[in-house]
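Numbering (UniProt numbering), first residue to last: 1 to 851. Beta carbons are placed, not taken as given, at the ideal position from N, Cα and C, and that holds for glycine. What follows is one structure encoded as structure tokens, with my remarks underneath.
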């Protein structure tokens, strides 16, 4: 997921241009043989087009460049920092104005395809030059200024027109185009053409065959999926949406659509509407399955003017006509929002950090974001140059660790980060190499030759050992899994294992490490430490390529189980959480993230957690499940543990706490580090409620493990509240029997009563023998403040004579304890109660006269 850590103007970076070299280093648009006449700029300045003259935008597959077109010009910018690299302006164009622009999907070469209104397509090569157009004339080691290929500044580019393609039917004007993985789609007023990237026609279909009304033009087209399961989504001017797959055509069932966006990483589609609702769909086979609504309080009832998925498919940015930009998670959880200070007619969003390019005003705003990871034990955020860590049981503040400048200057920004369980050691990786340190310790790095050769693709901590999926470019790109011990130098790994392909996903649970390679092999390793030697045993290898979409796997974890012949694994494929076991794969549900926490008490072994966008869900594994391999607890339809947090959870620790992050709306003018508080919630009450329905003895043993924790009383209050609202009435009796074994029994009962409605009081106190009985126990135990909190309940549930005796008894105990404040509080209560209760009025009159 992504989280904003600041709201800044990226263009405010203190860069200076050497004016004496400006003309020589500026990129030029030139005329090539066989191409239409173009404008050269040998003497004039490179002109920035007005934002309101740009008709279409497109960001490159690598995420580094942004292309835009006017009616007669093609422009390419570098996204960070935002600098115009080159342009190609046509003085005259016999093939009509430019109407759309798309990038070819290959990331190793930069190719643009500009679509003209009269059915022609220009293939434009983007050549990055050797000489910079923007030099850094100040001494700095910051990664924004120095990095691979940018030691001298921003390299220029040249746009070269290579070929011109012509559509079969040029009688109808072109309206839009889209790029797929293996083909391009060009839409005219009457037909849809599918072309190869060499310009050959694959197939075509009439627009009237899709919509039914051939007079309604297409406003947007999106190509989804791979070559074997490719689909096309069409948004029409009447705001209807249709999906086409080969010969199958169907309406998506949404209306008033204004924008749509597709993520190949998560295989999901976001569709925005006039009313501000963003509907999320996940592709399952040939169908689009509705996942959730992603609405925003800031943009409600406002038109959605732009949508853009993050490159990893974990978040979608939504721009509203009110000027709000909201980032939602892949399943619709609102992560954060900001207001750019003005309304939007239309907007193009490009993730780099998130850049907002406004089409109707000459203004560009940038929002910076940080990725977040949770390993089930701690929360770790990382931005491009720093890491934020938090231990849930320590405080609700972040500890900021700045990555070493010497590492970032060569291999930044940070791409991967992993924090050890107690956050004392942090590992980071950029484009090459590895750095380990933090918490006041000196950062360790690989040696120079190693650093240039090693590329990390995944990081995870297993106990005191860091596991890293690596590509060794010094040995023909060999893929391996390397282990380094905490506190040891990085010169030599403690152990290495050769793999068939680079690691796609990596997970660790205890001494078990699971890795999935990019070729679809799943490896399970067991770690055994003998003295100072680490032994890595390869337990099994499973080919899962036919079971899951390997390239969309984001996480993998081992499902705890003792049956070696029936090992089970959870694979997070986009937002699909899948259970892989016995050569089969089954869907468990939709999830943003998943993790496992240990229990190991009574008949319970562990809890497998996932966040489905609205609540934390856990599948409990009892000892029988563990001995059987663990898969059946996830495969069978059993009751789950459910917790609804008021934040985005990132870690579920074994001590009963879920931790995550939250953020309020930040104004556009805000600068620096925004408010990003840590939030925690207790999942212990929900787990105990689940155990009470199956085995009360297990619940008692498990609750006893937390009796010393400072939040134990609060957890018991929440358990009582859940039992009061539960549909099964016997759960309250079981919760009371559980609570009676602990010294906080009376405190939890009284505090629960204060936090719930009076309508629940009769049922609550009837289960514990009455309010007067609870009051007397508090008096005898000396818990006078708890007894004082019972007075309102006594007045409501008990006869007036009983309530009066209790008040007098409390006053007597408070006087003997010389608690003047408590006596004053009791008299204040009597004064308020006297307004509605005649008995209390009489008692208050007597006491006031006596005092």
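Alpha-carbon to alpha-carbon, residue j and residue i
i           : j           : result
residue 512 : residue 383 : 29 Å
residue 417 : residue 471 : 17 Å
residue 309 : residue 351 : 8 Å
residue 460 : residue 287 : 35 Å
residue 572 : residue 658 : 20 Å
residue 26  : residue 126 : Residue confidence for residue 26 is low, a pLDDT of 30 falling below 50, so the modelled location carries little weight; the figure read from the coordinates is stated next. C-alpha separation (whole angstroms): 15 Å.
residue 519 : residue 652 : 31 Å
residue 430 : residue 419 : 15 Å
residue 639 : residue 698 : 17 Å
residue 232 : residue 182 : 13 Å
residue 199 : residue 450 : 44 Å
residue 114 : residue 592 : 37 Å
residue 489 : residue 444 : 7 Å
residue 167 : residue 304 : 33 Å
residue 414 : residue 551 : 21 Å
residue 808 : residue 710 : 33 Å
residue 733 : residue 726 : 12 Å
residue 186 : residue 112 : 14 Å
residue 289 : residue 492 : 49 Å
residue 475 : residue 452 : 12 Å
Of the listed residues the options, nearest to residue i (C-alpha basis)
i           : options               : result
residue 263 : 224, 230, 326 and 287 : 224
residue 791 : 339, 634, 114 and 761 : 761
residue 689 : 682, 436, 705 and 719 : 719
residue 752 : 715, 788, 406 and 268 : 715
residue 319 : 337, 694 and 312      : 337
residue 803 : 820, 816, 821 and 774 : 774
residue 84  : 114, 49, 828 and 62   : 49
residue 516 : 527, 495 and 554      : 554
residue 333 : 453, 648 and 527      : 648
residue 539 : 565, 532 and 529      : 565
residue 77  : 96, 95 and 110        : 110
residue 442 : 119, 432, 424 and 455 : 424
residue 781 : 507, 805, 813 and 759 : 813
residue 234 : 275, 176 and 280      : 176
residue 284 : 230, 323 and 327      : 230
Whether residue i touches residue j by CB criterion (8 Å)
i           : j           : result
residue 255 : residue 272 : no
residue 795 : residue 754 : no
residue 265 : residue 574 : yes
residue 260 : residue 307 : yes
residue 124 : residue 74  : yes
residue 556 : residue 578 : no
residue 756 : residue 724 : yes
residue 389 : residue 426 : yes
residue 596 : residue 560 : yes
residue 315 : residue 344 : no
Whole-number beta carbon distance between residue j and residue i, since they are thought to touch under 8 Å
i           : j           : result
residue 692 : residue 654 : Rounded, the Cβ-Cβ distance is 20 Å, inconsistent with contact.
residue 134 : residue 86  : Actually they do not touch by this definition, with Cβ atoms about 13 Å apart.
residue 203 : residue 194 : 5 Å
residue 467 : residue 481 : 6 Å
residue 465 : residue 435 : Incorrect: roughly 17 Å between the Cβ atoms, too far for contact.
residue 642 : residue 617 : 6 Å
residue 880 : residue 660 : Beyond the ends of the chain as shown, which are 1 and 851, falls residue 880; an answer cannot be given.
residue 746 : residue 786 : 6 Å
residue 852 : residue 457 : Since the displayed the chain opens at 1 and closes at 851, residue 852 lies outside it and no answer follows.
residue 819 : residue 784 : 7 Å
residue 626 : residue 687 : Not a contact, Cβ separation roughly 16 Å.
residue 534 : residue 494 : 4 Å
residue 748 : residue 717 : 5 Å
residue 510 : residue 567 : So it is not a contact: roughly 14 Å between Cβ atoms.
residue 252 : residue 242 : 7 Å
Distance cut-off 7 Å: residue i Cβ against heavy atoms of the ligand SAH
i           : result
residue 129 : No copy of the ligand SAH occurs in the structure displayed, which carries no ligand at all.
Residue-chain proximity (residue i, chain D), Cβ-Cβ < 8 Å
i           : result
residue 389 : Absence of chain D from the displayed structure is noted, only one protein chain being present.
(request) Tell me, please, whether the segment 212 to 219 touches the segment 244 to 251 by the rule of three or more beta-carbon pairs shorter than 8 Å. (result) No, the segment 212 to 219 is not in contact with the segment 244 to 251.
(message) Count Cβ pairs between the segment 576 to 588 and the segment 617 to 637 that sit closer than 8 Å; are there 3 or more?
(response) The count of Cβ pairs closer than 8 Å, one atom from the segment 576 to 588 and one from the segment 617 to 637, reaches three, so the stretches are in contact.
(message) Taking 8 Å as the cut-off, does the segment 99 to 119 touch the segment 53 to 60 (at least 3 CB pairs, one atom from each stretch)?
(response) Touching, yes, given that three or more Cβ pairs across the two stretches are closer than 8 Å.
(message) Any contact between the segment 736 to 748 and the segment 700 to 708? By contact I mean 3 or more CB pairs, one from each, below 8 Å.
(response) Touching, yes, given that three or more Cβ pairs across the two stretches are closer than 8 Å.
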